[in-house]
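Visitor: Numbering follows numbering that gives the first Met the number 0, with no gaps: position 10 of the sequence shown is 9. Think of the CB as a built atom: it goes at the ideal place given N, C-alpha and C, for glycine as much as any other residue. Values in this document were obtained by computation on a predicted structure and should not be read as measured data.
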Amino acid sequence: MVWKGRVDPTVPTRSATWRPAVSVVIPSVGKPGLRRAVESVLGQTHPVTEVHVVLNSEADADVPDDPRVRLMRYLERRNGNAARMAGVRRCAGDLVAFLDDDDLWHPTKIERQVRDIAEAGLAGSSTWISSTRVVVDFEHGSETWPRAPYDPSRSLENNLLRRHRVQRGQAFLPSSTLLFPRSLPMTVPLDEELSLHQDLTWLLQLSRNVPGLVVRQLNDALTRYDAIGDGISRSISLARELNWAREYLSSSTPRDRGDYYLGSVMTYARRQGTMRGMAGVFSEGLRVGRPGAAAVGYACGAMAAGLVKAVAAGVRQPRRRRTGPDEGAEVRQWAGR
């Protein structure tokens, strides 16, 4: 596995003092990238103690032959959070890291995170989360997210929901970046019934229920995230997204709630492709929140693009007209208004 992405070459290797045992949990439905994901874990410069691959389907698993790799099949509940918690309950390490079966780690990811936590004086604490920036792979290129670094002066919830730029790729802490004390998900478990926004929901619950929670995010992109194969996000309907927002953001600040509606919820409305859906999200976002300028700008841009697309589609609708008997062919006529 060859890593592609910029990483600071001046960072020293080997965490000199604190050497915690690290367990890794990989929920899987048997995707082709599973072997590469596991190999990226086994190749860490801070050796991991165990890798729990939790199969959440009937599919077979192609994994490296290594005594640290433990396979288990969990079919009681078929979603990522249920598989993650099944793995967490089997972990023996001091720390746990999550990785999805189509994502990858840079070889120094865990070592860099452990070093950062130690240097921050958090080695003896159980109320922290470590993350990294992410190289997000799209069909036609890659981007590094989040575009702006995590702001430790603001709450985790505020970082996750508030929008400061019009472009995509704002707050982003996907599960594949996370390293944390094992006690954290045992105290605030991941919701095993949830089928969408699983990592975001858990982070919001931690922010609201763990006093003094510290979040550290390394500036280097040490995780690769596969947005090409991320069919789950694209399969979420606007109705489900709205239901989630209404349930889980009711206690958020008006600014955070409004920004999320006009940013993330608007993205789902745009994918649905109807002006009615986008207008409804815009209206509800203004009614339940007080979105900032960046979120309003993003939403207006999405609606403008949707309007242009709708007009273009209407202009290009072919019409049929009857022709003379000798012409005998369908004539495509571009109809304007």
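Roughly how many whole angstroms lie between the Cα atoms of Asp258 and Ala122?
Guide: Within the sequence shown, the letter at position 259 stands for residue 258. Within the sequence shown, the letter at position 123 stands for residue 122. Their Cα atoms are separated by approximately 35 Å.
Visitor: Based on the DSSP output, what are the partners of His51 in its beta bridges?
Guide: Taking the first residue of the sequence shown as position 1, residue 51 is located at position 52. According to DSSP, which records beta bridges pairwise, His51 is partnered with Val24, Arg69.
Visitor: Going by the CB atoms, is the gap between Asp61 and Val50 shorter than 9 Å?
Guide: Reading the sequence shown from its first residue, position 51 is the one you call residue 50. Reading the sequence shown from its first residue, position 62 is the one you call residue 61. No, the Cβ-Cβ distance between Val50 and Asp61 is not below 9 Å.
Visitor: How many whole angstroms separate the CB atoms of Asn80 and Gln204, which I take to be in contact at a CB cut-off of 8 Å?
Guide: Along the sequence shown, read from residue 1 onward, the residue named residue 80 stands at position 81. Along the sequence shown, read from residue 1 onward, the residue named residue 204 stands at position 205. Incorrect: roughly 11 Å between the Cβ atoms, too far for contact.
Visitor: Between Thr16 and the rest of its own chain, which residues show a CB-CB distance below 7 Å, the 5 nearest in sequence each way excluded?
Guide: Within the sequence shown, residue 16 is the residue found at index 17, counting from 1. So the qualifying residues of the chain are Ala117.
Visitor: Could you give the DSSP three-state label for Pro184: helix, strand or coil?
Guide: Taking the first residue of the sequence shown as position 1, residue 184 is located at position 185. DSSP places Pro184 in helix when its eight states are reduced to three.
Visitor: Is Gly284 closer than 9 Å to Ala298 when the C-beta atoms are compared?
Guide: Walking along the sequence shown from the start, residue 298 turns up at place 299. Walking along the sequence shown from the start, residue 284 turns up at place 285. The answer is yes: Cβ separation under 9 Å.
Visitor: Exposed or buried, which one is Met265 when buried takes at least 16 other CB atoms within 10 Å?
Guide: Here residue 265 refers to the residue found at position 266 of the sequence shown. The residue is buried, with at least 16 neighbouring Cβ atoms inside 10 Å.
Visitor: What residue range is occupied by the uninterrupted alpha helix (DSSP H) comprising Gly86?
Guide: As a working mapping, residue 86 is identified with position 87 in the sequence shown. Counting along the chain, the alpha helix (DSSP H) containing Gly86 begins and ends at 79 to 87.
Visitor: Going straight from the alpha carbon of Phe281 to that of Arg223, what length do you get?
Guide: In the sequence shown, the residue the question calls residue 281 occupies position 282. In the sequence shown, the residue the question calls residue 223 occupies position 224. For Phe281 and Arg223, the distance between alpha carbons rounds to 32 Å.
Visitor: Cα-Cα, which of Leu172, Ser174, Ala268 is closest to Ala304?
Guide: Stepping through the sequence shown from its first residue, residue 304 is reached at position 305. Cα-wise, what sits closest to Ala304 is Ala268.
Visitor: Please report the straight-line C-alpha distance between Ser14 and Arg245, rounded to a whole angstrom.
Guide: One-based indexing of the sequence shown puts residue 14 at position 15. One-based indexing of the sequence shown puts residue 245 at position 246. Its pLDDT being 49, under 50, Ser14 is placed unreliably by the model, and nothing is read from it.
Visitor: May I have the straight-line CA-CA distance separating Ser175 from Thr200, to the nearest angstrom?
Guide: Here residue 175 refers to the residue found at position 176 when the sequence shown is read from its first residue. Here residue 200 refers to the residue found at position 201 when the sequence shown is read from its first residue. Cα to Cα, Ser175 sits roughly 15 Å from Thr200.
Visitor: Distance, Cα to Cα, Ala226 vs Val135?
Guide: Residue 226 sits at position 227 when you count from the first residue of the sequence shown. Residue 135 sits at position 136 when you count from the first residue of the sequence shown. In a straight line, the C-alpha of Ala226 is about 6 Å away from that of Val135.
Visitor: My output table needs one value for Tyr149: the three-state DSSP class, helix, strand or coil.
Guide: Within the sequence shown, numbered from 1, the residue matching residue 149 stands at position 150. In the structure shown, Tyr149 sits in coil (DSSP, three-state: anything other than H, G, I, E or B).
Visitor: Out of curiosity, what's the CA-to-CA distance linking Gly291 and Val165?
Guide: Counting from 1 along the sequence shown, the entry for residue 291 is found at position 292. Counting from 1 along the sequence shown, the entry for residue 165 is found at position 166. If I take the Cα positions, the gap works out to 10 Å.
Visitor: Measure the alpha-carbon distance for Pro19 versus Gly92 and round it to whole angstroms.
Guide: Here the question's residue 19 lines up with position 20 in the sequence shown. Here the question's residue 92 lines up with position 93 in the sequence shown. When rounded, the distance between both Cα atoms is 8 Å.
Visitor: Assuming Ile128 and Val47 make a contact with CB atoms under 8 Å, what is their CB distance in whole Å?
Guide: The sequence position of residue 128 within the sequence shown is 129, counting from 1. The sequence position of residue 47 within the sequence shown is 48, counting from 1. The pair is not a contact, with the Cβ atoms about 18 Å apart (cut-off 8 Å).
Visitor: On the criterion of 16 or more Cβ atoms from any shown chain inside 10 Å, does Leu103 qualify as buried, or is it exposed?
Guide: Taking the sequence shown and counting its residues from 1, the one referred to as residue 103 is at position 104. Label assigned to Leu103: buried.
Visitor: Extract the residue ranges of the alpha helix (DSSP H) inside the region 107 to 151, only unbroken runs of 4 or more that lie entirely within it.
Guide: The region 107 to 151 contains these whole alpha helix (DSSP H) runs: 108 to 118.
Visitor: Could you round the C-beta distance between Leu98 and Pro180 to whole angstroms and report it? I think they count as a contact, below 8 Å.
Guide: Numbered from 1 along the sequence shown, position 99 holds the residue referred to as residue 98. Numbered from 1 along the sequence shown, position 181 holds the residue referred to as residue 180. No, Leu98 and Pro180 are not in contact; Cβ-Cβ is about 17 Å, not under 8 Å.
Visitor: Would you decide whether Arg336 is buried or exposed? Buried here means 16 or more other CB atoms lie within 10 Å of its CB.
Guide: Along the sequence shown, one-based indexing puts residue 336 at 337. Note that Arg336 scores a pLDDT of 33, beneath 50, so its modelled location is shaky and nothing firm can be said.
Visitor: Kindly list the residues whose CB is nearer than 6 Å to the CB of Glu138, restricted to its own chain and excluding five residues on each side of it in sequence; keep chain order.
Guide: Residue mapping note: residue 138 aligns to position 139 of the sequence shown, counting from 1. Contacts found: Ile227.
Visitor: Give the list of continuous beta strand (DSSP E) stretches no shorter than 3 residues that lie fully inside the region 188 to 250.
Guide: 213 to 225, all fully within the region 188 to 250.
Visitor: Can you list, in chain order, the residues of its chain with a C-beta nearer than 7 Å to that of Asn157? Leave out the 5 residues immediately preceding and following it.
Guide: Looking up residue 157 in the sequence shown gives position 158. Answer for Asn157: Asp255, listed in chain order.
Visitor: Using only the alpha-carbon positions, how far apart do Gln112 and Arg67 sit?
Guide: Working through the sequence shown from its first residue, we reach residue 112 at position 113. Working through the sequence shown from its first residue, we reach residue 67 at position 68. In a straight line, the C-alpha of Gln112 is about 21 Å away from that of Arg67.
Visitor: Have a look at Phe171 and Val133 and give me their C-alpha separation to the nearest angstrom.
Guide: Counting from one through the sequence shown, the residue named residue 171 turns up at place 172. Counting from one through the sequence shown, the residue named residue 133 turns up at place 134. Using only the alpha carbons, I get a separation of about 8 Å.
Visitor: Taking the beta strand (DSSP E) that Val95 falls in, what are its first and last residues?
Guide: For the purposes of this step, residue 95 is taken as the residue at position 96 of the sequence shown. 94 to 97 is the extent of the beta strand (DSSP E) around Val95.
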